[in-house]
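A.B. asks: First the structure, then my questions, so here it is.
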Amino acid sequence: MSDKSPVTNDLSKLLDKIKDVRIAMLTTQDEDGSLRSRPMYTQKPDGSSALVFLTDKDSAKVYEVKKDSHVNLSYGKPEDNVYVSVSGRANAYRDQAEIDKLWSEPMRAWFAKGKDDPNIYILKVEIDKGEYWDTPSSMLTQAAAYVKALATGERATSDDVNEHAKVNVK
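Following the working numbering, the numbering of the sequence shown begins with 160 at its first residue and continues without gaps.
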C-alpha cells in the first residue's frame with residue numbers, strides 16, 4: 160500500500176498546528192537503546208526550523224541527546240483532533256542571552272533561582288521532517304465522506320475527512 164500523503168517543504172502549517180498545543184512528548188534513546196519519552200513545554204515557535212525547550216543541565220535527556228541527537232516530538236490536541244509528529248536533531252547548550260529572551264516567570268517552578276540559574280540549558284531541536292493530521296470532528300464532514308463513498312462506490316479515505324501532510328525540511 161503506497162502512502163499518498165501530500166509532501167511539502169512549507170513548515171508554516173506544521174508550526175501553526177504546534178503553536179496552540181505547546182506540550183510535546185520528547186522521545187530520546189536511553190543508554191540501553193530503549194526509547195524514553197517525557198513531556199516538555201515548547202517555547203513559542205519563532206518560524207525557524209527549530210523548536211526550543213528549557214531543561215535542567217543534569218537531566219537524562221541532555222545526556223541522551225549528547226550521545227544520539229536524533230529525537231522525536233509528538234504533539235496532540237485530542238479535543239480539536241490535531242496531531243503532529245516531528246523528527247529532528249537535538250542540541251543541548253547554555254546561552255544566557257537566549258535564556259533571558261525565553262524566560263517567563265512561571266518557569267520559576269522548575270528553576271527556583273530564576274533565569275540566572277546555572278542549571279538552565281536550552282534544548283534546541285532542528286526539524287528534519289514532520290507530519291500532521293488535522294481531523295475535523297464534525298459529523299457533517301464525516302457524513303459527507305460517507306455520501307461520497309456511496310455515490311462513487313469507492314472506499315472513503317482519511318483525506319476525505321482530515322487534513323494530512325508530510326513536511327520535509329532537510
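For every residue, glycine included, the Cβ atom is placed at its ideal position computed from N, Cα and C.
Keep in mind it's a predicted model, so treat the numbers as computed, not measured.
Would you mind giving the Cβ-Cβ distance between residue 247 and residue 285, rounded to the nearest angstrom? I have them listed as a contact below 8 Å.
C.D. replies: 5 Å
A.B. asks: Taking residue 210 as the reference, which of 288, 270 and 267 has the closest Cα?
C.D. replies: 288
A.B. asks: Throw me the rounded Cβ distance for the residue 204 and residue 178 pair, which I believe falls under 8 Å.
C.D. replies: 6 Å
A.B. asks: Is it buried or exposed for residue 255, if we count other Cβ within 10 angstroms and need 16 for buried?
C.D. replies: Exposed, since its Cβ has fewer than 16 Cβ neighbours within 10 Å.
A.B. asks: Name the DSSP bridge partner or partners of residue 222?
C.D. replies: According to DSSP, which records beta bridges pairwise, residue 222 is partnered with nothing at all.
A.B. asks: Can you tell me whether residue 242 is buried or exposed? The criterion is at least 16 other CB atoms within 10 Å of its CB, across all chains shown.
C.D. replies: buried
A.B. asks: Run the CB neighbour count on residue 214, radius 10 Å, all protein chains shown included, and call it buried at 16 or more, exposed below.
C.D. replies: buried
A.B. asks: Give the C-beta separation of residue 326 and residue 187 to the nearest angstrom, bearing in mind that I take them to be a contact with Cβ-Cβ under 8 Å.
C.D. replies: With a Cβ gap of about 21 Å, residue 326 and residue 187 do not count as contacting.
A.B. asks: Could you name the residues that DSSP lists as bridge partners for residue 283?
C.D. replies: 211 and 250.
A.B. asks: Can you tell me whether residue 263 is buried or exposed? The criterion is at least 16 other CB atoms within 10 Å of its CB, across all chains shown.
C.D. replies: exposed
A.B. asks: Between residue 261 and the rest of its own chain, which residues show a CB-CB distance below 7 Å, the 5 nearest in sequence each way excluded?
C.D. replies: 202, 211 and 213
A.B. asks: Classify residue 174: buried if its beta carbon has 16 or more other beta carbons within 10 angstroms, exposed otherwise.
C.D. replies: buried
A.B. asks: If you drop the 5 nearest sequence neighbours on each side, which residues of the same chain put their C-beta closer than 7 Å to that of residue 273?
C.D. replies: 267
A.B. asks: I think residue 251 touches residue 225, with their Cβ atoms under 8 Å apart; what is that distance to the nearest whole Å?
C.D. replies: 7 Å
A.B. asks: DSSP three-state label for residue 244, please.
C.D. replies: strand
A.B. asks: Hey, quick one: how far does the beta strand (DSSP E) through residue 232 stretch, first residue to last?
C.D. replies: 229-236
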